[in-house]
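Enquirer: Below you'll find the structure I mean.
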Amino acid sequence: MGLPTLEFNDSFLDSPDFRERLKCHEVELERTNRFIKELIKDGNLLIKALKSLSAAVQKFSSSLQDFQFECIGDVETDDEVNVAQSFKEFAQLLNTVEEERRRLIQNANDVLITPLERFRREQIDAAKEEKKKFDKESEKYYSALEKHLNLSSKKKDTFLQEADVQIEKDKEVFYDASLEYVFKIQEVQEKKKFEFVEPLLAFLQGLFTFYHEGYELVAEFEPYKQQLQFNLQNTRNNFESTKREVEKLMQRMRSADHDYRPPSQWTMEGFLYVQEKRPLGFAWIRHYCTYEKGTKTFTVSSAENKSIGKQLISAFLPLLKSCVRRKADSIDKRFCFDIEVVERHGVITLQALSESNRRLWMEAMDGREPVRQPLVPRSCTYYLIHCGIACVFLHSGLNTVGLYRVGGVSSKVQRLMSAVFGAKASPDMDLDADTWDLKTITSGLKNYLSCLKEPLMTYELHKEFIMAVKSDEQDNRVRSVQALIHKLPEKNKEMLDLLINHLVRVSSHSGVNLMTVPNLGVIFGPTLLRSHEETVAAMMNIKFQNIVVEILIDNYELIFRQAQDPSKHLDLPWCRPSSTRSRGMRLSMSPRKTKSLYSLGLCLSRSFSELWAVLIYILYIRVCVCVCVCVCVYSLYF
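Each residue of the sequence shown is one higher than the one before, starting from 1 at the first, in UniProt numbering.
This is how it looks when you write it as structure tokens:
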């Protein structure tokens, strides 16, 4: 049983039923407040325990790091090197794990404790303050009302009139406090759905990231562990023979000649920062670069013991094609220039150490200044349908980040609406993309749809659309929405078809514009399917309005292009069970057996033995069935 809805008009009546419903919300807020306090307390204990564990592991790692193996001989074999280095490798492995744990601990307060405390302080405590104000004004108003009603009618008219005015003022103050309190309670109850759960989700994400790091380290540690076991076995079993080999190796190493070549004479050389593409953007990596003007050979060497990024095909990039200075307004870094090579498609962006350093590089590479290209005007056509903007086909604007979410300037939007719907507006006018920017046009479209006398999907079918998407089965939802779409007036259906077709195109570019189907549903749901009633209960159905728009976008071809199948019965969920949480998405966890550690050979032998046991059991069952059948047949005939 959920919490009852608090309507604003009930606060004016201040009935016992309203007070009882208000009490239910207050009890829930107090329960949530106590739970958050306990959760913060337990979270602090968990963080403290993690810090203690991290400190102990770091102390253990430091002890391993400080210990030095002393081996006989000046040169060590691979086995001895690996054994002597093993403690440092163990320490490095533990440090890597602890680095991720330290990151988890450092972010724990910001991710978990601070948001929960902020929600409790800014939301629940604020609701308590509103309650105090409400109780105070309530007591003050009813006390003043009781005194006012006890006034004698024999008092002077002027005195009674002043008393009437005063009681009206007290009533207004009380009503304002009541409305503010109801609004704050509704706000807190809705905000806790995301502001309460998001910190826990973020903390668990960090925790499982830490565990996943350990999982990856185990996979990386496995080859080293096997190699180290091999080294230890060799050290134990072959010490004497290995000692002789070490002596021979030592003598060879002492008498070996090391080739030394002086550096070549490059036209230009030095450190440059190379822009490399990463999964989440770009990174600037320092490399040591050289350039030979005669052969136009450009080489890139890693400044650290790390592999060069994937954006560089190799460290040797021959045949430089061009070098152009990067314009300052085209990148947020200074001292940048672009180069092109023959064997690579596209440009490589480099950053010099200073302006003079960039000039030297460009002089060596025969670089040139950038040429400003004229801007190509966008050719976006916007159509007007039935004296309004029905849909916008943005051929070049579909990749705009935040399309329809980021609004335009209000004054420009109003000028656009006046230009389109004014008395002198042409019914077939085209909106010039140079005159009206993209945000103004999209905001004008949303404004037009929201200002319609009746929403595009009509008040009459509003409740049916809401009930359709409350079905438990997704197929039933789609078929119900399709049936309701065909009930719309023909003009509404045509305009909705045009708009949804455009939104399908917008969502197809969500990888660039970030406007996914749920995002578009949030924007157009309240606009296309707004309720005729302006109540809190109606506001709670906005999430279902968004789902309707999502279904229209995801199933556009089925709903608008395919005829409805009359043979399929539509079961609209007019009556739903009180709780549907049992069908909600759950984390599937199968029971785990506690297994001891054993080798791979034992694993294989056990798996084969288990398989043979199953086969023998099946064979035994079949033999028993055959025996029973034979006995029955024998008893029938004999």
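Each residue gets a CB set at the ideal place from its N, CA and C atoms; glycine is no exception.
Whose C-alpha, out of Met495, Asn447 and Leu529, is nearest the C-alpha of Phe560?
Expert: Out of Met495, Asn447 and Leu529, Met495 has the C-alpha closest to the C-alpha of Phe560.
Enquirer: DSSP on Arg334, reduced to helix/strand/coil?
Expert: The answer is coil: DSSP assigns Arg334 none of H, G, I, E or B.
Enquirer: Restricting to Cα atoms, I'd like to know which of Pro489, Leu520 and Trp361 is closest to Asn501.
Expert: With distances taken between Cα atoms, Asn501 lies closest to Leu520.
Enquirer: CA-CA distance, Leu116 and Ile40?
Expert: Cα to Cα, Leu116 sits roughly 7 Å from Ile40.
Enquirer: Decide if Ser471 is buried, meaning its Cβ has at least 16 other Cβ atoms within 10 Å, or exposed.
Expert: Flag for Ser471 reads buried.
Enquirer: Let me confirm a value: Met417 is counted as buried when at least 16 other C-beta atoms fall within 10 Å, else exposed. Which label applies?
Expert: With 16 or more other Cβ atoms within 10 Å, it is buried.
Enquirer: Where DSSP assigns a beta bridge to Ala283, which residues make up the other side?
Expert: According to DSSP, which records beta bridges pairwise, Ala283 is partnered with Glu276.
Enquirer: Indicate the three-state DSSP secondary structure (helix, strand or coil) for Met585 in the structure shown.
Expert: Caution is warranted here: a pLDDT of 41 is assigned to Met585, below 50, making its placement in the model unreliable, and no coordinate value can be reported.
Enquirer: Using the DSSP secondary-structure output, state which residues sit across from Tyr291 in a beta bridge.
Expert: According to DSSP, which records beta bridges pairwise, Tyr291 is partnered with Met268 and Phe298.
Enquirer: With DSSP collapsed to three states, give me the class of Leu207.
Expert: Reduced to three states, the DSSP call for Leu207 is helix.
Enquirer: Tell me whether Gly43 is buried or exposed, calling it buried when 16 or more other Cβ atoms sit within 10 Å of its Cβ.
Expert: Gly43 comes out buried.
Enquirer: Looking at the unbroken beta strand (DSSP E) that takes in Thr349, where does it start and where does it end?
Expert: It spans Ile348 to Gln351 - the beta strand (DSSP E) in which Thr349 sits, taken as one unbroken run.
Enquirer: Okay, do the segment 401 to 418 and the segment 478 to 496 touch, 3+ Cβ pairs below 8 Å being the bar?
Expert: Short answer: they don't touch.
Enquirer: What distance in whole Å lies between the Cβ atoms of Ala127 and Ile185, which are believed to be in contact at a cut-off of 8 Å?
Expert: That pair is a contact at about 6 Å.
Enquirer: When we look at the beta-carbon of His462 and count the other beta-carbons within 10 Å, is it buried (16 or more) or exposed?
Expert: Its Cβ being crowded by 16 or more others within 10 Å, His462 is buried.
Enquirer: Mapping DSSP to helix, strand and coil, what is Glu460?
Expert: Residue state, collapsed to three classes: coil.
Enquirer: Is Ser52 helix, strand or coil when you go by DSSP?
Expert: It is helical.
Enquirer: Quick one: what does DSSP say Val469 is sitting in, helix, strand or coil?
Expert: Val469: coil per DSSP, three-state reduction.
Enquirer: Once you ignore the five residues that flank Gly214 on each side, which residues in its own chain have a CB closer than 7 Å to its CB?
Expert: Around Gly214: Val97.
Enquirer: Quick one: measure Cβ to Cβ for Val478 and Val548, integer angstroms, because I've assumed they're closer than 8 Å.
Expert: Actually they are not in contact, since the Cβ atoms of Val478 and Val548 sit about 11 Å apart, beyond 8 Å.
Enquirer: If you drop the 5 nearest sequence neighbours on each side, which residues of the same chain put their C-beta closer than 7 Å to that of Leu272?
Expert: So the list reads His287, Cys289, Leu350, Gln351 and Ala352, once near-sequence residues are dropped.
Enquirer: Could you tell me the alpha carbon to alpha carbon distance between Arg576 and Leu498, rounded to whole angstroms?
Expert: With a pLDDT of only 47 at Arg576, under the threshold of 50, the placement of this residue in the model should not be trusted; the figure read from the coordinates follows. Near 34 Å, if we compare the C-alpha coordinates of Leu498 and Arg576.
Enquirer: Measuring CA to CA, which of Leu201, Lys543 and Leu360 is closest to Val111?
Expert: Here the closest residue by C-alpha is Leu201.
Enquirer: Taking the CB atoms as reference points, tell me whether Asp338 and Ile348 lie closer together than 8 Å.
Expert: Yes, these two residues count as a Cβ contact at 8 Å.
Enquirer: Taking Arg101 as the reference, which of Thr158, Phe282, Phe87 and Ala56 has the closest Cα?
Expert: Among Thr158, Phe282, Phe87 and Ala56, the Cα nearest to that of Arg101 belongs to Ala56.
Enquirer: Could you tell me which of Arg325, Val218 and Asp366 sits nearest to Tyr291, measuring between CA atoms?
Expert: Looking at the Cα atoms, Asp366 is the closest of the given residues.
Enquirer: Could you round the C-beta distance between Tyr181 and Phe119 to whole angstroms and report it? I think they count as a contact, below 8 Å.
Expert: About 19 Å; that fails the 8 Å criterion.
Enquirer: Can you tell me whether Glu533 is buried or exposed? The criterion is at least 16 other CB atoms within 10 Å of its CB, across all chains shown.
Expert: By the 10 Å Cβ count, Glu533 comes out exposed.
Enquirer: Could you check the C-alpha separation between residue 705 and Glu460 for me, to the nearest Å?
Expert: What is shown of the chain runs 1 to 638, which leaves residue 705 out entirely.
Enquirer: If you drop the 5 nearest sequence neighbours on each side, which residues of the same chain put their C-beta closer than 7 Å to that of Gln564?
Expert: These residues qualify, in order along the chain: Gln482, Ala483 and His486.
Enquirer: Quick check: what's the CA-CA separation for Arg334 versus Arg326?
Expert: Computed Cα separation, rounded: 9 Å.
Enquirer: Looking at the secondary structure, which residues open and close the alpha helix (DSSP H) in which Arg325 lies?
Expert: Segment Leu320 to Arg325 is the beta strand (DSSP E) holding Arg325; no alpha helix (DSSP H) there.
Enquirer: Compute the distance between the beta-carbons of Leu449 and Leu438, then report whether it is under 8 Å.
Expert: Not in contact: Leu449 and Leu438 (Cβ atoms no closer than 8 Å).
Enquirer: Applying the 10 Å Cβ sphere with the 16-neighbour rule, what's the burial state of Met515?
Expert: Met515 comes out buried.
Enquirer: Just the C-alpha distance for Gln226 and Val83, rounded to the nearest angstrom, thanks.
Expert: Roughly 12 Å between the two C-alpha positions.
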